[in-house]
Each structure stands twice: as structure tokens, then as C-alpha cells.
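For reference, the structure is listed below as C-alpha cells.
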Amino acid sequence: MQSPQSSEICYVLKTFPYKERDVIAVLLSEKRGRFSALARNGVQSRRFGGCLDLFTCSEFTLDPKTIRLSDIQEDILVQVLSAQLKRGPGISGSFEKLSGASALNEIILKVIPAQRPAPEIFKLYSNAILAIEEFPAEQTLKVVNAFILKITQWLGVQPSLTRCLACEKPLNEVPGNTVCAQVAQGAWICDSCRPDRAGMVLSKDTILDAYHSMLNPIRKIEFTASTKEHEEMLEFLEKHLQYFVPGLDRAPIGALRFLKSPQWQA
Ligand SMILES: [Zn+2]
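As C-alpha cells, this is what we get:
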């Protein structure tokens, strides 16, 4: 007797071999959010084609009957019966793009709760992967920053960027070209309220980009700040996540370091 099957469009976030021939894939779908699935004989490349490659998008036919593997920590799994590639592999050959896409995956794995439907996250991830594919490699860091900002919005811990924390003046009314980001307050203070400039100095253009990132769809954002300025923003966002998202102080997003390598200091 066959159990009822379901068909879902999923992205591949992570895979690891299980026993000799099987693969466990951590997938992201609109209906289930993040979940794990067992692909029997997944090590054989012909069995699932390129559908188990990271960052690809496929239609997976799943056996929804859950299985438990005693030796795997991973909560519960469903089984992949077949898969058909929908999109991919769009991200290859560029170190920056691969690093950026890896950072997105790691953020989803660490920040988004498993087995909880999150259609907005699915859409955000899908658009961010597409943006990394389509945009020039030097834009990748900016897309990752925008993605992190949107994730903080979804989690309800977004930084407050429109006004100075002290005098409450908007960005365009405070003096100078920079402001001081305050990690613990998730906000910034203008140069006249904080003449000692304690905190992380960020350019106004970076704050403006961050502000636009929270308001616009990820592929419609027009970035104005430079790569160097976005590196500083990434530094701030990393600290922001560690401060405001439980658990991230002990397990920081490792892939982000590849986006800050010296070749980016142009
Ligand atoms: Zn101020």
C-alpha cells in the first residue's frame, strides 16, 4: 500500500552523508519551513541528478510519513522519493557568490526555527539567491547585509535606523557624514550627541542603504554605499545578531568571515 505523497518546491540548505549510500538533506519549503529529509541512495549522483546540490531549487516528491533514526540528533525526517530540478546551479565559479549564498544558508539554519511554515522567509531566501546569481559579484556583500536586515525584521529585532537615539533628529538633519552605531541599543547616535564617537562609526550612506533594505524587495534596492562601507555594516550586523538573537553569541555565522577577506578592502 502506498502512503500519500506530497510535492513541494524546496531549496537545499545543507546535506550530509548518512550510512553508506544515503544522504540527509536540510530543505526549505514554503509550507514546512526548514526541515530534514532522507534521500535513500542519495550518494549516487544519477538517483537525484543535481537536485541535492546546495542552493538549487527543485520539486521534491516526499513521503510525509516521518521516520526516526536513532543515531541522528536531527528531530524527525521525511523521505525524498524523487526530485526534479527547477533552478540551478546558478551559483558557481565565484568565491564571493558562493560565500554569500553559504552565509544565507547558515543564517537560515541557525536563526529560523525548524518545522515551522515561514512563507515570507522562503520568498526572501529565494529572492536573495536570485539576486546573488544575477548581480555582479561585488554586490554580494550588500545583498547579504540586506538579507540580514530583513531577517532581523522577521524576528522582530531590527535596528532602529531612522533617527538619532539621543536627539531624535532624522539622518538628513544631523551634521557630518558619519554616525556612531550602538550595538546594545540597536540604534545610532549622531556626531553632535556623541562627540567622542564611541561605538562603531558608519557612514550615512550605509545607514541609508540599510534603511532602504528594510523597506524594499531585495532585488529592487539601489545601494549607494561602497563595498568598504558595507563591510563595516556587516561588522555591525554581525554584532547586532549576536546581541539580539539567542544562541548566536555562542555559534556565530562562520561563512560571514569570507565576505570580509582582504581582497574586499578596495
Ligand atoms: Zn543626535
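Residues 393 to 658, numbered by this note's numbering, are exactly what the sequence shown covers, in order. From the three backbone atoms N, C-alpha and C, an ideal C-beta is built for every residue, glycine too. Nothing here was measured: the structure is a model prediction, and the numbers come from that model.
- Judged by beta-carbon spacing, Leu-547 lies beyond the 9 Å limit of Gln-577, meaning their Cβ atoms are not closer than that value.
- Scanning its chain for C-beta atoms nearer than 7 Å, with the 5 sequence neighbours on each side dropped, one finds around Val-637 the residues Val-503, Leu-547 and Val-549, in chain order.
- Rounded to whole angstroms, Thr-448 and Leu-419 show a C-alpha spacing of 10 Å.
- Short note on Ser-552: C-beta not closer than 8 Å to any heavy atom of ligand 1.
- Per DSSP, Thr-453 is not a residue of any alpha helix (DSSP H); the beta strand (DSSP E) it occupies stretches across 449–459.
- According to the DSSP assignment, Ala-417 belongs to the beta strand (DSSP E) that extends over 414–421.
- Bounds of the beta strand (DSSP E) holding Phe-408 are 398–410.
- When DSSP states are grouped into helix, strand and coil, Gly-646 belongs to the helix group.
- For ligand 1, the residues with a Cβ under 6 Å from any of its heavy atoms are, in chain order, Cys-556, Ala-558, Cys-559, Lys-561, Val-566, Ile-581, Cys-582, Ser-584 and Cys-585.
- Between the segment 529–546 and the segment 610–617 there are three or more inter-stretch CB-CB distances shorter than 8 Å, so the stretches are counted as touching.
- Straight through space, the alpha carbons of Ser-552 and Glu-630 are spaced by roughly 15 Å.
- Counting every other CB atom within 10 Å of its CB across the protein chains shown gives Glu-488 a total of 16 or more, marking it as buried.
- Classified as buried, Phe-514 has 16 or more neighbouring CB atoms from the shown chains inside 10 Å of its CB.
- Contact between the segment 586–601 and the segment 490–510 is absent, with fewer than three C-beta pairs closer than 8 Å.
- Looking at the backbone, the Cα of Pro-409 and that of Gln-471 are separated by about 14 Å.
- For Lys-561, the secondary structure class from DSSP, reduced to helix, strand or coil, is coil.
- Going by C-alpha positions, Leu-405 is about 12 Å away from Ile-521.
- In terms of Cβ geometry, Ser-474 and Phe-440 form a close pair [threshold 9 Å].
- Thr-407 is the residue among Leu-469, Ile-540, Lys-457 and Thr-407 whose C-alpha sits nearest the C-alpha of Gly-442.
- Taking 8 Å as the upper bound for CB-CB distance, Ala-602 and Leu-541 are in contact here, some 6 Å apart.
- The three-state secondary structure of Gln-577, taken from DSSP, is coil.
- The Cβ atoms of Leu-496 and Ile-524 lie closer than 9 Å to each other.
- Contact between Leu-454 and Ala-429 is confirmed by a C-beta separation of about 6 Å, below the 8 Å threshold.
- Annotated three-state conformation of Leu-444 is coil, per DSSP.
- Restricting attention to Ser-605, Pro-609, Lys-612 and Gln-634, the CA atom closest to the CA of His-622 is found in Ser-605.
- Within 10 angstroms of the beta-carbon of Ser-399 lie fewer than 16 other beta-carbons, which makes it exposed.
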